[in-house]
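Reviewing the structure listed below.
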Amino acid sequence: MDVTLIIIIKMQSSNIDRQLIIDLTQMIDQHNPIAQSFRRVREFHENHPSQMFSLKLFSQRERDRRVYNYPSCDEVAALVVGDFDSSDTGRDVIVKSATGQLQRIYETHALYWPLQYPLLFPYGEDGYQLGIPYRDIQDINVAGRRTRVSMREFIYFRLQMREDEDSIIHKSRRLFQQFVVDSFSMIESQRLYEIRKKHSTIRGEVLQGIEEAMRRGDTEASSIGTRVILPSSFTGGKRYMFNNCQDAMAICKHFGYPDLFLTLTCNPNWPEFQRYINRDQVPIADRPDIACRVFHAKMKCLLNDLKNDVFFGPLNAGMYTIEFQKRGLPHAHILLWLDGRNRLQNIEIVDELICAELPNPMKFSHLYSVVSKYMIHGPCGRVRPTSPCMKDGRCSKFYPKQFVNYTSFDEDGYPIYKRRDIGVTVKSHGVDLDNRFVVPYNPLLLMKYQAHINLEFCNKSNVIKYLFKYINKGPDRVTATISHSTETTHSFEVVDEIKQYYDCRYLSPCESMWRIFAYEIHHRWPPVQRLRFHLPNQQHVVFDDHDTIGSVLIRNRDLMTMFTAWMMANRTYVEGRTLTYVEFPSKFVYDLQSRQ
């Protein structure tokens, strides 16, 4: 059947531009070798309806595709006539007769991208495939270093903007958003697949449990311990988030409670964004790559200012997390520990750093304009009950606040900032808003970064755990434990942490792009050394399913741990005897290879 007729029939009740679809289809038919191969399959089936056949699309390349392209002419079409052998290897995409079963295209197939996004790759260009070597691989002699391009590196390279390239991908707007999310989900899937493959036989148990199994007469290591699936090094995983929260608590233990809680929100009206919008006529929401690059640059500048004492004086420590949630552009939550000489010890210092009032428009016209633009909440409440912040008839952020003449703290340690009734207002959505609707801010920070920058005082004990939980809470959706018991001689809990991670994941285009660029989503300074401790014979041991219990014991019974190495160091180094386990890393370094 003619392609044009097929399109007309399928679009009888559609409002889509029929001629545009016809032109796109003809363009792909003319220039895309994959589409040409599928078209010949259809024609072959129409001419030989009773003949069994299949089409093979090869993922592995034995020759350079830039030199040896896919055959496009009829006489070398990749048609295999005869019975289909499902055991044939290297076959990822199969087109069978009309009654045949559809086969999956894996994301590691070189043709996944051109088949999934034919408009982005109209010439059928290859996507990622396993085994792409680095250039000048003969110069890589470092033991353990990768010699092959990872999926993230390939996608990162492919998404770069180049002056000599008119990129279709970056101009495809909503399709670009889908492509970015799909690309990062491919990266995550590949990482989790490698973890599952590597850790499918890895288990963990305390040494005493292994010894007890030995005394019972057990011989197989697969009968003891629990499965170890998602390691703490996997970004966003359960152990990763837990360890970050513990690191935050360790900094708090050393330096005391943090003083300031700062939230920086990405501003779509930053001049850096406007340059691209005016040039390419593409909304910033459709360019998550630019949004992430600009916000990352702003974060680097802000951290440099903070570490160089620009706004709050010397800092002892700090940490931040980048969030995306389901609101589009990124934002950062930052905790800061001020140096002891500059800590917020009284109300006057709080008032010097944090303001919750509109400035005098006559004296500070520019600051008034910026505060009015970025730091006003609402209107909400009775004057605008349809505001997004309204829950059950009340503002979820507790605006409007009350007028107060002096800053103070409530019984729970939360600050009540000075908000005087001085008659200064700003009009928003036709409503005059006063100081009761001002979000707390620092004037110097706000003037420099021209964005919503909320600054809060937080040096009280009963708000610390909330803040740490908030900045380390991970993805939007809460994870849940998935487990079952097997009715065997030795029942044990099986937790599929990879499935758990999949089930609770929400990916936005900006988060996907941020992770493709390998930007940090958590950062802290100074660094934290994670110390392990245990009771005698209670150290955690990792082993393989196929090991015997005896071999596991032989390997680990006399093996030093970080905790026992600290005890041995106290015997060796006199200067270490005055240091606690927690203080030891400030003077000594633990070598993992020698376990000393």
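Heads up: the sequence shown is residues 1 to 596, going by this note's numbering. Cβ coordinates follow ideal geometry from the N, Cα and C atoms, glycine included.
Supposed contact pair residue j and residue i - C-beta distance, whole angstroms, cut 8 Å
i	j	result
residue 318	residue 306	6 Å
residue 312	residue 338	6 Å
residue 127	residue 114	7 Å
residue 453	residue 445	5 Å
residue 395	residue 381	6 Å
residue 441	residue 350	With 8 Å as the limit, residue 441 and residue 350 do not qualify as a contact, their Cβ atoms being about 13 Å apart.
residue 158	residue 286	Rounded, the Cβ-Cβ distance is 18 Å, inconsistent with contact.
residue 277	residue 271	With 8 Å as the limit, residue 277 and residue 271 do not qualify as a contact, their Cβ atoms being about 10 Å apart.
residue 298	residue 449	7 Å
Cβ-based neighbour list, residue i, same chain, cut-off 6 Å, excluding 5 preceding and 5 following
i	result
residue 478	Reliability fails at residue 478, whose pLDDT of 34 lies under 50, so the model's placement of it is uncertain and no value is given.
residue 187	151, 152
residue 434	425
residue 124	32, 33, 34, 114
residue 519	296
residue 177	509
residue 591	none
residue 361	368
residue 585	529
residue 514	292
residue 314	339
residue 86	Annotation note: pLDDT 35 at residue 86 (below 50); position unreliable, coordinate value reported separately. Excluding residues within five positions, none has a Cβ falling inside 6 Å.
residue 577	570
residue 107	186
residue 39	none
Short Cβ contact (7 Å threshold) for residue i with residue j
i	j	result
residue 383	residue 438	no
residue 418	residue 407	yes
residue 562	residue 524	no
residue 264	residue 356	no
residue 516	residue 156	yes
residue 316	residue 261	no
residue 403	residue 421	yes
residue 399	residue 423	no
residue 364	residue 415	no
residue 654	residue 243	The structure shown does not extend to residue 654, since the chain is modelled only from 1 to 596, so the question has no answer here.
residue 180	residue 288	yes
residue 389	residue 330	no
residue 565	residue 538	no
residue 455	residue 322	no
residue 391	residue 436	no
Own chain residues within Cβ distance below 7 Å of residue i, not counting five before or after
i	result
residue 620	This structure leaves residue 620 out entirely; the chain is present only between 1 and 596.
residue 247	524, 528
Bridge partner(s) assigned by DSSP for residue i
i	result
residue 513	DSSP, once it has assigned bridges, lists no residue as partnering residue 513.
residue 391	394
residue 427	432
residue 416	408
residue 317	337
residue 676	This structure leaves residue 676 out entirely; the chain is present only between 1 and 596.
residue 355	441
residue 264	332, 453
residue 524	319
residue 133	148
Beta-carbon contacts of residue i that lie in its chain and below 8 Å, excluding the five residues immediately before and after
i	result
residue 148	130, 131, 132, 133, 134
residue 581	531, 533, 563, 566
residue 347	406, 407, 408
residue 587	575, 576, 579
Residue i beta carbon near the ligand NAD (any heavy atom closer than 6 Å)
i	result
residue 423	What this structure holds is no ligand at all, so the ligand NAD is not there to describe.
Can you find at least 3 beta carbon pairs, one from the region 115-129 and one from the region 169-179, that sit closer than 8 Å? Contact between the region 115-129 and the region 169-179 is present: three or more C-beta pairs spanning the two stretches fall below 8 Å.
Please confirm if the region 228-246 is in contact with the region 571-579, defined as three or more CB-CB distances below 8 Å between the two stretches. No: fewer than three Cβ pairs fall under 8 Å.
Given 8 Å as the limit, is there contact between the region 507-515 and the region 284-294, that is, 3 or more CB pairs closer than that? Using a C-beta cut-off of 8 Å, the region 507-515 makes contact with the region 284-294, since at least three inter-stretch Cβ pairs fall below that distance.
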